[in-house]
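Novice: In my numbering, the protein residues as written are 32 to 229. Ideal Cβ placement from N, Cα and C applies to all residues, glycine included.
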């Protein structure tokens with residue numbers, strides 16, 4: 032399942048419909064969004080966490096400043112910037128320590144975080160420092176992307192253990208289930224959404 036969602040300028044939640052080439056309004060209100068590999072979106076609004084059940088937004092436990100999903104796992108950053116993993120069986124969040132302001136979750140369910148522009152990824156229960164500096168990060172479809180200090184987009188190459196510069200200029204990034212990144216750039220008429228085409 033590859034689903035692309037976004038939060039509009041009014042805070043409403045939208046899902047991309049490729050057939051009609053338009054965004055479908057799912058109501059609700061959010062400031063941050065993450066989408067599970069099964070297509071379910073989770074949002075944060077005023078630090079409260081919600082997930083979509085049918086067409087209803089279900090209030091979830093915990094308070095968050097950022098959220099990420101991938102590989103069947105949902106992670107969030109709590110008010111103290113600590114990293115938490117959702118456990119559906121206990122209907123609670125498990126503390127994984129660390130400290131961050133941005134989070135993305137790759138296709139294996141591994142979280143990648145940014146703290147003071149430094150990038151880290153989780154290995155077991157240890158946060159591994161990664162090369163590069165970032166202001167935003169996204170993951171999906173087996174790819175991890177970040178926006179560097181220059182606002183260019185970079186994609187991770189595990190074999191060379193480096194980031195490859197793909198250019199562009201943006202401040203936010205997300206990655207669809209097919210690995211294609213979507214970036215948000217400011218334009219004369221407001222925020223513009225771009226996606227990389229091979």
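Jot down the residue ranges of each uninterrupted beta strand (DSSP E) in the segment 164-219, minimum 3 residues, whole runs only, in chain order.
Specialist: Segments of the beta strand (DSSP E) lying fully in the segment 164-219: 167-171, 174-178, 184-188, 193-198, 203-206 and 212-218.
Novice: Quick test of your reading: residue 135 and residue 169, contact by CB under 8 angstroms. State the CB separation rounded to the nearest angstrom.
Specialist: Sure, about 5 angstroms apart at Cβ, within 8 angstroms.
Novice: Along the chain, where does the beta strand (DSSP E) that runs through residue 46 open and close?
Specialist: Start and end: 44-48.
Novice: Leaving out five residues on either side along the sequence, give the residues of the same chain with a beta carbon under 6 angstroms from the beta carbon of residue 59.
Specialist: Contacts found: 44 and 88.
Novice: Can you name, in chain order, every residue of its own chain whose Cβ lies under 7 angstroms from the Cβ of residue 66, other than the five neighbours on each side?
Specialist: The residues are 34, 36, 72 and 100.
Novice: From the DSSP output, read off the bridge partner residues of residue 144.
Specialist: For residue 144, which the question treats as bridged, DSSP gives the partners 134 and 151.
Novice: Roughly how many angstroms lie between the CA atoms of residue 97 and residue 109, to the nearest whole one?
Specialist: In a straight line, the C-alpha of residue 97 is about 8 angstroms away from that of residue 109.
Novice: By the three-class DSSP mapping on this structure, what secondary structure does residue 68 have?
Specialist: If DSSP states are grouped into helix, strand and coil, residue 68 belongs with coil.
Novice: Quick one: what does DSSP say residue 97 is sitting in, helix, strand or coil?
Specialist: Residue 97: strand per DSSP, three-state reduction.
Novice: State the Cα-Cα distance for the pair residue 215 and residue 199, rounded to the nearest angstrom.
Specialist: Distance between the alpha carbons of residue 215 and residue 199: 11 angstroms.
Novice: Please report the straight-line C-alpha distance between residue 185 and residue 54, rounded to a whole angstrom.
Specialist: The straight-line gap from Cα to Cα measures roughly 27 angstroms.
Novice: Write down the C-beta distance between residue 207 and residue 172 rounded to the nearest angstrom, noting that I regard them as a contact closer than 8 angstroms.
Specialist: Confirmed, about 6 angstroms.
Novice: Measuring alpha carbon to alpha carbon, tell me which of 56, 116 and 92 ends up nearest residue 142.
Specialist: Nearest of 56, 116 and 92 to residue 142, Cα basis: 116.
Novice: Between residue 103 and residue 64, what straight-line distance do the alpha-carbon atoms span, to the nearest angstrom?
Specialist: Roughly 16 angstroms separates the two Cα atoms.
Novice: Taking residue 55 as part of the beta strand (DSSP E), name the residues at either end of that continuous run.
Specialist: 53-56 is the extent of the beta strand (DSSP E) around residue 55.
Novice: What are the partner residues of residue 157, as DSSP defines its beta bridges?
Specialist: DSSP lists 154 as partners of residue 157.
Novice: Report back the beta-carbon spacing between residue 158 and residue 129 to the nearest angstrom; my notes put them in contact at under 8 angstroms.
Specialist: Indeed, because the Cβ distance is near 5 angstroms, the residues count as touching under 8 angstroms.
Novice: Can you tell which of 148, 127 and 70 has the C-alpha that lies nearest to the C-alpha of residue 156?
Specialist: Of the candidates 148, 127 and 70, the one whose C-alpha sits nearest the C-alpha of residue 156 is 127.
Novice: Can you name the start and end residues of the beta strand (DSSP E) that residue 108 belongs to?
Specialist: 104-108 is the span of the beta strand (DSSP E), which, as asked, contains residue 108.
Novice: Short of 7 angstroms in beta carbon distance, which residues of its chain neighbour residue 146, apart from the five on each side in sequence? Order them along the chain.
Specialist: Cβ within range, chain order: 130, 131 and 132.
Novice: Which of the three DSSP states is assigned to residue 81 in this structure?
Specialist: Here residue 81 sits in strand by DSSP.
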